[in-house]
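The listed protein sequences derive, respectively, from chains A and B. Take the first sequence: its position 19, counted from the start at 1, is 19 in this note's numbering, and no numbers get skipped. Each number in this note's numbering corresponds to the 1-based position in the second sequence with 202 added. Cβ atoms here follow ideal geometry from the backbone N, Cα and C, with glycine treated the same way. Predicted, not measured: the structure shown is a model, and the values here were computed from it.
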Amino acid sequence: MTEQEIQDNIDNYLLNKMSVAEKAAFENQLDNDGELKQKVTLQKILVDEMLYQKEFKRITQRKKVMPFAFKQTMVIAWSAAAIFIGVFFINRTVVNKRMDNLYSLNLSIPTYDEVRGEQDVQLKEFQNAIFYLKNHQPNQAKDALLKLYAKPKDYPYYDAVRWYLALTELKLHNKSEAKKYLNELVDSEVYGGKANKILGKL
Amino acid sequence: MEKEKFNKQVDADQIRLQRIYEGNEREFNRLFYECRSLISIWHSRYRSLPVEDIESAFSDASMICYSNIRAGKLGLLSGRLIDYISGIMRYKLYDINASTKKLISIEDPVITDYPYTPEDEGNIKMRIVVNKYVNQMKDPCKTILEKFYLDGLSYDKILSLLPNFSSLRAIVTRSYKCKKEITEGFATTLKNNDIDLYQYKN
């Protein structure tokens, strides 16, 4: 047998390409031939080492494996967070649009006849606050109306101040503040009906 | 560490070892990343050792642990796998220090000492030599043997991957030469390191 034929036999043995009979015959030969046995043993160790090194590189270059339960929890948590954020933004857009509509529908700048009393100092103060709204300056309107908000119940524009403050908060998309002022008006003779309608829609 | 807790960890590692032996790569991936803490533990204990040497020793020690498990050389554990790897790191660092002629004492274990049997020590010593030998293999032999033994490619397919070879005959001849040279070189290396091939049971 030539050296190449011996090597072919070793390769077939190492690569498990021998039939059962061939393998048994070769192993028998190994038991009786020390030199051949040494060659096979050496080559097997080297081939195994190459295989383990290849596997080791593949395994350790992979990212750290997360335990399945932790991975599952993370997926659920991130999905829930994404859904929550999505719903929050969609809901906010819808509510803001609704508040803009309610503001536009309900805003009317009063004439002297609509607001009680004569053109005195109190009326002027109140009208100045309302005109900010007409000029699309809701922040200034809010500041001016808040100054009047603290006035006592016998103040002639007591309900009107709350009504326009509610409209201002609608314009500013402050839902909870708007609701607060509207709730103060539910029993008002003039604004009660309108306040209830808006509260139902908010 | 409490003895009961330690024993529980050894039992858990025994199950893990069985899984790795059966080819569960995820299990080894988990072990590898868990044991990476050894790098910082060793670094904090031996400040004078370069961190690159510690990292290299950790990588080689993990590789040796993997090879010994897969080859069935590590069956019944008498300590934790992390201790087993740490112990091999000590061998490797001692080896690196001896070759660079640095006089650093690294005799003490940084964590619990693994109770190696003489057989364990023989297996580790053998793996260190084999690992180094395979890593030093050069092209074209390395590529030819990897493609032939690991990827199961035929010589004509290997020929298409190595443009430096003009014919099938040339690559077959080179392959036989490589196998002969590497086997003989490996036998000499084992002899130089006083390793008896047949003490390393296959």
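Between the CA atoms of residue j and residue i - distance to the nearest angstrom
{"i": "Tyr351(B)", "j": "Ser239(B)", "result": "35 Å"}
{"i": "Phe208(B)", "j": "Glu348(B)", "result": "41 Å"}
{"i": "Thr319(B)", "j": "Glu35(A)", "result": "30 Å"}
{"i": "Asn404(B)", "j": "Gln43(A)", "result": "In this prediction, Asn404(B) scores a pLDDT of 47, lower than 50, which makes its location untrustworthy; the coordinate-derived value is nonetheless stated afterwards. Roughly 12 Å between the two C-alpha positions."}
{"i": "Ile384(B)", "j": "Arg376(B)", "result": "12 Å"}
{"i": "Met339(B)", "j": "Lys54(A)", "result": "14 Å"}
{"i": "Asn91(A)", "j": "Val190(A)", "result": "32 Å"}
{"i": "Ser356(B)", "j": "Asp31(A)", "result": "29 Å"}
{"i": "Gln127(A)", "j": "Phe88(A)", "result": "37 Å"}
{"i": "Glu147(B)", "j": "Lys359(B)", "result": "Any property of residue 147(B) remains undetermined from this structure, which presents chain B solely from 203 to 404."}
{"i": "Glu125(A)", "j": "Tyr155(A)", "result": "12 Å"}
{"i": "Val40(A)", "j": "Phe26(A)", "result": "11 Å"}
{"i": "Arg222(A)", "j": "Lys194(A)", "result": "With chain A covering 1 to 202 only, the question about residue 222(A) has no answer from this structure."}
{"i": "Gln4(A)", "j": "Lys344(B)", "result": "19 Å"}
{"i": "Tyr235(B)", "j": "Ser242(B)", "result": "13 Å"}
{"i": "Trp244(B)", "j": "Phe260(B)", "result": "10 Å"}
{"i": "Asp187(A)", "j": "Asp159(A)", "result": "10 Å"}
{"i": "Ala69(A)", "j": "Trp78(A)", "result": "14 Å"}
{"i": "Asn337(B)", "j": "Asp262(B)", "result": "11 Å"}
{"i": "Leu182(A)", "j": "Asn135(A)", "result": "23 Å"}
{"i": "Leu133(A)", "j": "Asp120(A)", "result": "21 Å"}
{"i": "Met291(B)", "j": "Ile256(B)", "result": "8 Å"}
{"i": "Lys179(A)", "j": "Gln72(A)", "result": "41 Å"}
{"i": "Ile293(B)", "j": "Ala300(B)", "result": "Residue 293(B) is actually Tyr in this sequence, not Ile. Computed Cα separation, rounded: 10 Å."}
{"i": "Tyr157(A)", "j": "Val94(A)", "result": "32 Å"}
{"i": "Gln122(A)", "j": "Ala80(A)", "result": "53 Å"}
{"i": "Ser277(A)", "j": "Lys153(A)", "result": "Because residue 277(A) is not part of the residues shown, which for chain A are 1 to 202, the question remains open."}
{"i": "Pro342(B)", "j": "Tyr335(B)", "result": "16 Å"}
{"i": "Ser104(A)", "j": "Asn196(A)", "result": "17 Å"}
{"i": "Leu102(A)", "j": "Arg228(B)", "result": "60 Å"}
{"i": "Tyr13(A)", "j": "Lys23(A)", "result": "7 Å"}
{"i": "Thr2(A)", "j": "Tyr223(B)", "result": "38 Å"}
{"i": "Glu206(B)", "j": "Tyr268(B)", "result": "27 Å"}
{"i": "Ala57(A)", "j": "Glu254(B)", "result": "Note that residue 57(A) is Lys in the sequence shown here, rather than Ala. Their backbone Cα atoms lie some 18 Å apart in a straight line."}
{"i": "Met217(A)", "j": "Ile346(B)", "result": "Given that chain A is displayed from residue 1 to residue 202, the structure contains no residue 217(A) and the question cannot be resolved."}
{"i": "Gly225(B)", "j": "Ala82(A)", "result": "38 Å"}
{"i": "Asp100(A)", "j": "Leu233(B)", "result": "60 Å"}
{"i": "Val212(B)", "j": "Met18(A)", "result": "40 Å"}
{"i": "Cys237(B)", "j": "Ile85(A)", "result": "39 Å"}
Nearest-angstrom beta carbon gap, residue j and residue i [assumed within contact, 8 Å]
{"i": "Asp315(B)", "j": "Asp353(B)", "result": "That belief does not hold up - the Cβ atoms of Asp315(B) and Asp353(B) are roughly 40 Å apart, past 8 Å."}
{"i": "Trp163(A)", "j": "Leu148(A)", "result": "Trp163(A) to Leu148(A), Cβ: 12 Å. No contact."}
{"i": "Leu199(A)", "j": "Asn106(A)", "result": "About 12 Å; that fails the 8 Å criterion."}
{"i": "Asp48(A)", "j": "Ala273(B)", "result": "6 Å"}
{"i": "Asn231(B)", "j": "Ile76(A)", "result": "Asn231(B) to Ile76(A), Cβ: 24 Å. No contact."}
{"i": "Asn366(B)", "j": "Asn325(B)", "result": "Contact doesn't hold; Cβ gap of about 38 Å is too wide."}
{"i": "Ser264(B)", "j": "Ile287(B)", "result": "6 Å"}
{"i": "Leu363(B)", "j": "Leu370(B)", "result": "The Cβ separation is near 13 Å, so there is no contact."}
{"i": "Leu251(B)", "j": "Leu295(B)", "result": "7 Å"}
{"i": "Gln38(A)", "j": "Leu399(B)", "result": "7 Å"}
{"i": "Gln7(A)", "j": "Tyr248(B)", "result": "Not a contact, Cβ separation roughly 46 Å."}
{"i": "Glu388(B)", "j": "Leu46(A)", "result": "Residue 388(B) is actually Phe in this sequence, not Glu. 6 Å between Cβ atoms; contact."}
Under 8 Å from the C-beta of residue i: neighbouring residues of chain C
{"i": "Thr2(A)", "result": "The structure shown contains no chain C; its protein chains are A and B."}
Using a Cβ cut-off of 7 Å, which residues of the segment 371-399 of chain B contact any Cβ in chain A, in chain order? Tyr378, Lys381, Ile384, Thr385, Phe388, Ala389, Leu399
Members of the segment 266-284 of chain B that neighbour chain A once the beta carbon cut-off is set at 8 Å: Only Tyr268, Ser269, Arg272, Ala273 from the segment 266-284 of chain B bring a Cβ to less than 8 Å from some Cβ of chain A.
Threshold first: 4 residues or longer. Then list the alpha helix (DSSP H) segments lying entirely within the segment 56-140 of chain A, N to C. 68-106, 121-134
Determine which residues of the segment 30-52 of chain A have a Cβ less than 7 Å from any Cβ of chain B, and write them out in chain order. Gln38, Lys39, Thr41, Leu42, Gln43, Lys44, Ile45, Leu46, Val47, Asp48, Glu49, Met50, Leu51, Tyr52
Let me know the alpha helix (DSSP H) ranges lying completely inside the segment 337-393 of chain B, each 4 residues or longer, listed in chain order. 343-347, 357-363
Inter-stretch contact (C-beta, 8 Å, three-pair minimum) for the segment 171-184 of chain A and the segment 134-142 of chain A: yes
Measuring CB atoms only, is the segment 330-344 of chain B touching the segment 385-399 of chain B, in the sense that at least three cross pairs come out at less than 8 Å? yes
Residues, ordered as in the chain, of the segment 218-246 of chain B that lie near chain A by beta-carbon distance below 8 Å: Glu227, Arg228, Phe230, Asn231, Arg232, Phe234, Tyr235
Say whether the segment 278-294 of chain B touches the segment 216-225 of chain B, bearing in mind that this needs 3 or more beta-carbon pairs closer than 8 Å, one atom from each stretch. yes
Give, in chain order, every residue of the segment 324-354 of chain B whose Cβ lies closer than 9 Å to some Cβ of chain A. Met328, Arg329, Val332, Asn333, Tyr335, Val336, Asn337, Met339, Lys344, Leu347, Glu348, Phe350, Tyr351, Leu352, Gly354
Name, going along the chain, the residues of the segment 9-24 of chain A whose beta-carbon falls closer than 9 Å to a beta-carbon of chain B. So the close ones are Ile10, Asp11, Leu14, Leu15.
4 or more residues per run - each alpha helix (DSSP H) lying fully within the segment 222-309 of chain B: 227-237, 239-247, 253-272, 283-301
Counting only Cβ-Cβ distances shorter than 7 Å, please list the residues of the segment 67-84 of chain A near chain B, keeping chain order. Flagged: no residues at all.
Residues of the segment 87-106 of chain A with a CB closer than 8 Å to any CB of chain B: list them in chain order, please. Going along the segment 87-106 of chain A in chain order, one finds no residue with a Cβ nearer than 8 Å to chain B.
Suppose only complete runs of 4+ residues qualify. What are the alpha helix (DSSP H) ranges in the segment 310-334 of chain B, listed by chain order? none
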